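Numbering (this note's numbering), first residue to last: 153 to 300.
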């Protein structure tokens, strides 16, 4: 029987909640902004927010920091680098970069849930240099080569 991996969390900010899933079916663990006062992001502006947490990602996994859908869809505020990647050997504080893509200022409140952490298995492979790759039907067809 496969054992459930353990996500070990060290609280660096006494008042933030441990990451938690909001429903039984939630894939992500919500991360909060560990900031002493509200921070307003103007349209087009980015900022990095501490979470007040450090994590020990289980071996064989990576922690992926994704935008919370409500923040992105309703307010145009998204993780600034697309997806943040936390390696399993990193032990420092987790930070979340956010960018305001909307036309309105958005204020991040202390303790606000700003992103979600999802653990994903990592497939590792040996890198081998070759002079030729195997052929496929698609070949070198790039963007849009298989349709719209």
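Glycine included, each C-beta is placed from N, C-alpha and C at the ideal position. From a predicted model like this one, the values you see are computed outputs, not experimental measurements.
Proximity below 8 Å, CB of residue i to CB of residue j
i	j	result
residue 284	residue 180	no
residue 196	residue 233	no
residue 203	residue 245	yes
residue 166	residue 257	no
residue 183	residue 238	no
residue 215	residue 273	no
Extent of the continuous alpha helix (DSSP H) run through residue i
i	result
residue 223	221-227
Where the beta strand (DSSP E) through residue i begins and ends
i	result
residue 273	265-273
residue 184	181-184
residue 204	198-208
residue 260	258-260
Residue i versus the options, residue with shortest Cα-Cα distance
i	options	result
residue 186	200, 275, 210, 257	200
residue 249	275, 287, 272, 231	231
residue 227	293, 254, 263	254
residue 155	188, 298, 210	210
DSSP beta-bridge partners of residue i
i	result
residue 252	229
residue 238	215
residue 280	In the DSSP output, where bridge partners are listed per residue, residue 280 has none listed.
residue 246	The partner list for residue 246 (beta bridge, DSSP) is empty, contrary to what the question assumes.
| message | Between the region 278-294 and the region 202-216, can you find at least three pairs of beta-carbon atoms closer than 8 Å? | response | Contact between the region 202-216 and the region 278-294 is absent, because fewer than three Cβ pairs lie under 8 Å.
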